[in-house]
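>
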Amino acid sequence: MLQAVLSTLLAVGPLGLDIEGPAYLLMVIAMLGALLGLALGLLVSAFARNEFRAVQFLSAGVLPQFLVCGLFVPRDEMHGALAAVARAMPMTYAVRAAGEAATHSGVTVLFVRDAVLILGCVVLVLVASAATLKRR
Numbered sequence: 081m082l083q084a085v086l087s088t089l090l091a092v093g094p095l096g097l098d099i100e101g102p103a104y105l106l107m108v109i110a111m112l113g114a115l116l117g118l119a120l121g122l123l124v125s126a127f128a129r130n131e132f133r134a135v136q137f138l139s140a141g142v143l144p145q146f147l148v149c150g151l152f153v154p155r156d157e158m159h160g161a162l163a164a165v166a167r168a169m170p171m172t173y174a175v176r177a178a179g180e181a182a183t184h185s186g187v188t189v190l191f192v193r194d195a196v197l198i199l200g201c202v203v204l205v206l207v208a209s210a211a212t213l214k215r216r
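If you number the sequence shown the way the numbering used here does, the last residue is 216 and the count never jumps.
Have a look at this one:
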């Protein structure tokens with residue numbers, strides 16, 4: 081969470097990232113992304129027998145999200161199957177919410193919807209993580 085705050089402050093402050101909206105909106109999305117990463121790490125650790133396997137699981141989950149989230153190719157221009165996959169991945173909503181924060185001067189309905197979707201994914205992954213814990 082601290083890293084999300086510091087990276088946002090660094091980008092908006094000394095590095096001069098020009099955004100239309102307030103920086104705290106970017107911080108909110110960065111922190112939700114950090115929470116989602118933490119939750120996914122907990123879920124993966126339940127299935128991995130060692131750290132090497134956990135890293136393999138995470139790269140298999142993060143790379144597809146990174147490729148289809150809309151950073152490289154707009155989702156509107158993607159093939160139908162890839163666009164459908166992108167709609168199921170939380171990073172798509174994080175990228176769109178960050179774009180909303182950067183291009184609008186205030187909180188938009190799309191920003192709130194995407195932030196709530198990311199938060200829902202966090203809760204869902206945490207529940208799945210708790211369900212996979214080994215009981216003694």
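Ideal Cβ placement from N, Cα and C applies to all residues, glycine included.
Bear in mind that the values here come from a model prediction, so they are computed numbers and not experimental data.
Runs of 3 residues minimum, wholly inside the stretch 83-127: which ones carry the beta strand (DSSP E) assignment?
none
> Label F152 either buried or exposed according to how many other C-beta atoms from any shown protein chain fall within 10 Å of its C-beta, with 16 as the threshold for buried.
exposed
> Below 8 Å on the Cβ atoms is my guess for I109 versus A208; work out the distance and round it to an integer in Å.
I109 to A208, Cβ: 22 Å. No contact.
> Quick check on G141: does DSSP put it in helix, strand or coil?
helix
> Let me make sure I understand the geometry here. Which of V196, T88, A126 and M171 has the alpha-carbon closest to that of L214?
The residue asked about is misnamed: residue 214 is Lys in this sequence, not Leu. Closest by alpha carbon: A126.
> Check whether the stretch 185-200 touches the stretch 97-108, taking contact to mean three or more Cβ pairs, one atom from each stretch, closer than 8 Å.
Flag = yes, the stretch 185-200 and the stretch 97-108 touch.
> Could you give the DSSP three-state label for L213: helix, strand or coil?
coil
> I need the DSSP call for P170, collapsed to helix, strand or coil.
helix
> Quick one: grab the DSSP three-state call for C149.
coil
> Let me know the secondary structure DSSP gives G186 once reduced to three states.
coil
> Quick one: residues in its chain with C-beta nearer than 6 Å to the C-beta of M81, no 5 flanking neighbours on either side, listed in chain order?
M111 and A114
> Whether or not the stretch 86-98 and the stretch 166-176 are in contact is what I'm after, with contact meaning three or more pairs of Cβ atoms, one per stretch, closer than 8 Å; do they touch?
no
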